[in-house]
Amino acid sequence: MRTFRYHRATDPAEAVRMVAGESEAAYLGGGTNLVDLMKLSVQRPRLLVDVTRLPLGSVEPLSDGGLRIGATVRNSDLAAHPVVRRDFPVLTRALLAAASGQLRNMATVGGNLLQRTRCVYFQDVGKPCNKREPGTGCSALEGQNRDLAILGWSTSCVATHPSDMAVALAALDARVEVLEPDGAREIPLTEFHRLPGDRPDLETTMAPGGLITGVRIPALPYARHSTYRKARDRASFAFAAGSVAAVLDLDGGLVREVRIAYGAVAHRPWRARLAEEALRGQPATMENFGLAADEELAAARPLPNNGFKVSLIHNLTVRTLADLAEAATR
Amino acid sequence: MPEETERSSVTLAVNGQQHRLRLDNRTTLLDALREHLGLIGAKKGCDHGQCGSCTVLLDGRRVKSCLIFAVAASGSAVVSVEGLADGDDLQPLQQCFIDHDAFQCGYCTSGQLCSATGMLDEVRKGWPSVVTGDLAAGPVRLTEEEIRERMSGNLCRCAAYPQIVAAIRATATAEAVR
């Protein structure tokens, strides 16, 4: 591992100045991903600015029913928060489906959004990878791509975003609060992560040196009827093969409102707006849930080894919405 | 060799004892414990946060010490497996591991013990897991399924899992009875 300087920041503006002012600087949150990537020489920062002591560690329920989550809140604390469990169960379920108890105690909300793909070629400095080293090519296109994208990929990169939490936040219309060298702004979660295009090395729409200070979830009363379903190769402690976050509001037997997002299918959490549109006003039946998934997945372009993801996401969509519909009638 | 600016003074309270070290910033908490403080209970298994053999309690919470730079933990309190027992008096959890034969080679055991200690505390706080049916419900019922899920961050290559689950369950049951 390359040697580095360490600074423990106490003020967000100071942290941004330090990271923006140095080309090889990085923020250190829980470290669950970054420290590992430093051991692998995938990331080689010269300066680490530790942001875990910034005053961004609280979960604040807002008077209108929304929620503001500080960037340094640990994943386990957010998952266990009583208001999250009651009002946004999809978020608790997604957080608890991720990693292990130890890692959730370490990982921060900001770091979770900024974690890097687990594509094996990105993590292997001996292999070409456009994300790690622009212009070297994509080893995954014709290599091991079983775990990678079926939607929104380019010939430059077929990596997926690995977060579970971000998929729930995409379904909840969350907004990411960032502090950039030019000042503070909010970015919708669904626009925070980029599709790869020809610049897979650029992963977010945040300016260089930008710092996530928090996440805001707008009030959504029917989010109490929400859940997250994750399919993976073993029962626990594994990244998703595919996942679905869903929020469902029924009016009698009809779908009044629905939010759906997919994980492990694209370079960013995939908000399934076509499926949502297909379902609004329709009877909440298994058949319609399946037709809605088909609507979204018509654009899927599976890679040689991951064709199974199309039917997996289809089935997860049907099962998740059917569970929510059934729970609503109880 | 690191420049002086790439080293830091690190203060750690380990098992109740205060230590002050001057460390290369690259030193993980695991290496600080093993190589600088001579506490070799926490083990280096995968060194990538996957196997759990390096698990210690940091300010009371279970974490993987291989993915934490010691400098980032400076000022915190650490409990490693050496700090669980009170002298020769084992914690109930440790005694249950012996009673239930919850290990074979023993390499993962210190991590299992620290992880289970932290996990039982999470259960006391009422934290749900992904297999908890009702998120709003009160006290967690620590079923075998719950234990397996909550301990999934600790691998045992001898596969003593059934005995590990039994030992943890016995500890929790005895605690509930007391």
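First to last, the sequence lines map onto chains U and S.
Each residue of the first sequence is one higher than the last, beginning at 1 in the numbering used here.
Each residue of the second sequence is one higher than the last, beginning at 331 in the numbering used here.
Just so you know, even glycine gets a beta-carbon here, dropped at the ideal spot from N, CA and C.
#1: Per the contact definition of three or more C-beta pairs closer than 8 Å, is the region 140-154 of chain U in contact with the region 203-215 of chain U?
#2: Starting from the beta carbon of I398(S), find every residue of chain U whose beta carbon is closer than 8 Å, and list them in chain order.
#3: Taking Cβ-Cβ distances below 9 Å as the criterion, which residues of the region 491-504 of chain S are in contact with chain U?
#4: Applying the criterion that 16 or more other CB atoms from any shown protein chain within 10 Å of the CB defines a buried residue, is R350(S) buried or exposed?
#5: Quick one: Cα of L388(S) to Cα of H193(U), how far?
#6: Mind pulling the chain U residues with CB within less than 8 Å of G382(S)?
#7: If we cut at 8 Å on Cβ distances, does H379(S) have a partner in chain U?
#8: Locate the beta strand (DSSP E) running through T52(U), then write down its first and last residues.
#9: If you run the structure through DSSP and keep just helix, strand and coil, what is G441(S)?
#10: Check the Cβ-Cβ distances between A402(S) and every residue of chain U, and say whether any is below 8 Å.
#11: Taking the alpha-carbon positions, what's the F289(U) to A407(S) distance?
#12: First and last residue of the alpha helix (DSSP H) that includes L78(U)?
#13: Quick check on this structure: which residue in G390(S), I370(S), V401(S) and T341(S) has the alpha carbon closest to the alpha carbon of T447(S)?
#14: Using only alpha-carbon positions, find the residue among G209(U), A166(U) and L172(U) that is nearest to A184(U).
#15: Would a check of beta-carbon distances place G368(S) closer than 8 Å to chain U?
#16: Return the CA-CA distance between Y437(S) and R487(S), expressed in angstroms with no decimal places.
#17: Counting only C-beta atoms, is R391(S) closer than 8 Å to chain U at any point?
#18: Tell me which residues of the region 445-476 of chain S have at least one Cβ-Cβ distance to chain U shorter than 9 Å, keeping chain order.
#19: Suppose the cutoff is 7 Å on Cβ atoms and the five residues either side in sequence are ignored; what does the same chain contact list for P221(U) look like?
#20: Can you find a C-beta in chain U that's less than 8 Å from the C-beta of S338(S)?
#21: On the DSSP letters alone, give me the boundaries of the alpha helix (DSSP H) that P331(U) sits inside.
#22: Any beta carbon from chain U within less than 8 Å of A335(S)'s own beta carbon?
#23: In angstroms, rounded to a whole number, what distance separates the CA positions of R116(U) and P162(U)?
#24: What's the gap between the Cα of L114(U) and the Cα of T385(S)?
#25: Could you give the C-beta distance for A223(U) and V90(U), rounded to a whole number, given that I count them as a contact under 8 Å?
#26: Classify V83(U): buried if its beta carbon has 16 or more other beta carbons within 10 angstroms, exposed otherwise.
#27: Counting Cβ pairs closer than 8 Å, one from the region 400-420 of chain S and one from the region 487-500 of chain S, do we hit at least three?
#28: Below 6 Å CB to CB, which residues in the same chain sit around A292(U) once its five sequence neighbours on both sides are set aside?
#29: Taking buried to mean at least 16 other C-beta atoms within 10 Å of its own C-beta, is G464(S) buried or exposed?
#30: Closest by CA to L179(U), which one among L172(U), I187(U) and D173(U)?
#31: Please compile the residues from chain U whose C-beta is within a distance smaller than 8 Å of the C-beta of S410(S).
#32: Step through the CB atoms of chain S and report whether any lies within less than 8 Å of the CB of Y222(U).
#33: Buried or exposed: where does T227(U) fall if 16 or more other Cβ atoms within 10 Å of its Cβ makes it buried?
#34: Note the first and the last residue of the continuous beta strand (DSSP E) segment covering D354(S).
#35: At 8 Å on the CB atoms, spell out the chain U contacts of E479(S), in chain order.
#36: Whole angstroms is fine: what's the gap from A140(U)'s alpha carbon to A490(S)'s?
Answer, in terms of the structure:
#1: With the cut-off at 8 Å, the region 203-215 of chain U and the region 140-154 of chain U do not touch.
#2: The CB of I398(S) comes closer than 8 Å to the CB of G31, V35 and M106 in chain U, given here in chain order.
#3: Taking 9 Å as the cut-off between beta carbons, none of the residues of the region 491-504 of chain S comes near chain U.
#4: Around the beta-carbon of R350(S), fewer than 16 other beta-carbon atoms lie within 10 Å, marking it exposed.
#5: Distance between the alpha carbons of L388(S) and H193(U) is about 32 Å.
#6: Simply S100 and Q102.
#7: The sequence given here has Gly at residue 379(S), not His. Between G379(S) and chain U, the shortest Cβ-Cβ separation is below 8 Å.
#8: Counting along the chain, T52(U) falls outside any beta strand (DSSP E), and DSSP gives it neither H nor E.
#9: Under the three-state reduction of DSSP output, G441(S) falls in the helix class.
#10: At least one chain U Cβ lies under 8 Å of A402(S).
#11: Cα-Cα distance, rounded: 51 Å.
#12: Counted as a single uninterrupted DSSP element, the alpha helix (DSSP H) harbouring L78(U) occupies residues N75 to A80.
#13: Out of G390(S), I370(S), V401(S) and T341(S), G390(S) has the C-alpha closest to the C-alpha of T447(S).
#14: When the alpha-carbon of A184(U) is set against those of G209(U), A166(U) and L172(U), the nearest one is in G209(U).
#15: By this cut-off, G368(S) is not an interface position.
#16: It is roughly 9 Å from the alpha-carbon of Y437(S) to the alpha-carbon of R487(S).
#17: At a cut-off of 8 Å, the C-beta of R391(S) has a neighbouring C-beta in chain U.
#18: The residues in question are S445, G448, M449, E452, K455, G456, W457, P458, S459, V460, V461, T462, L465 and A466.
#19: Excluding positions up to five away in sequence, the list reads G65.
#20: So, interface residue.
#21: One cannot answer for residue 331(U) here, as it falls past the ends of chain U, which runs 1 to 330.
#22: Per the sequence presented here, residue 335(S) reads as Thr, with Ala not at that position. The Cβ of T335(S) sits closer than 8 Å to at least one Cβ of chain U.
#23: Spanning the two alpha carbons is a distance of roughly 7 Å.
#24: Within the model, the alpha-carbon separation for L114(U) versus T385(S) is close to 24 Å.
#25: For a cut-off of 8 Å, the C-beta gap from A223(U) to V90(U) is around 7 Å, short enough to register as a contact.
#26: With fewer than 16 other Cβ atoms within 10 Å, it is exposed.
#27: Segments in contact, no.
#28: Closer than 6 Å at the Cβ level, and outside the excluded window around A292(U), lie A275, A278 and L279.
#29: Before going on, a small fix: residue 464(S) reads as Asp here, not Gly. Classification for D464(S): exposed.
#30: For the residues L172(U), I187(U) and D173(U), the minimum Cα distance to L179(U) belongs to I187(U).
#31: Within chain U, no C-beta atom comes nearer than 8 Å to that of S410(S); the closest sits roughly 14 Å away.
#32: By this cut-off, Y222(U) is not an interface position.
#33: Looking at its Cβ environment, which holds 16 or more other Cβ atoms inside 10 Å, T227(U) is buried.
#34: Unbroken beta strand (DSSP E) run through D354(S): Q347 to D354.
#35: A235 and S236, listed in chain order.
#36: Their Cα atoms are separated by approximately 37 Å.
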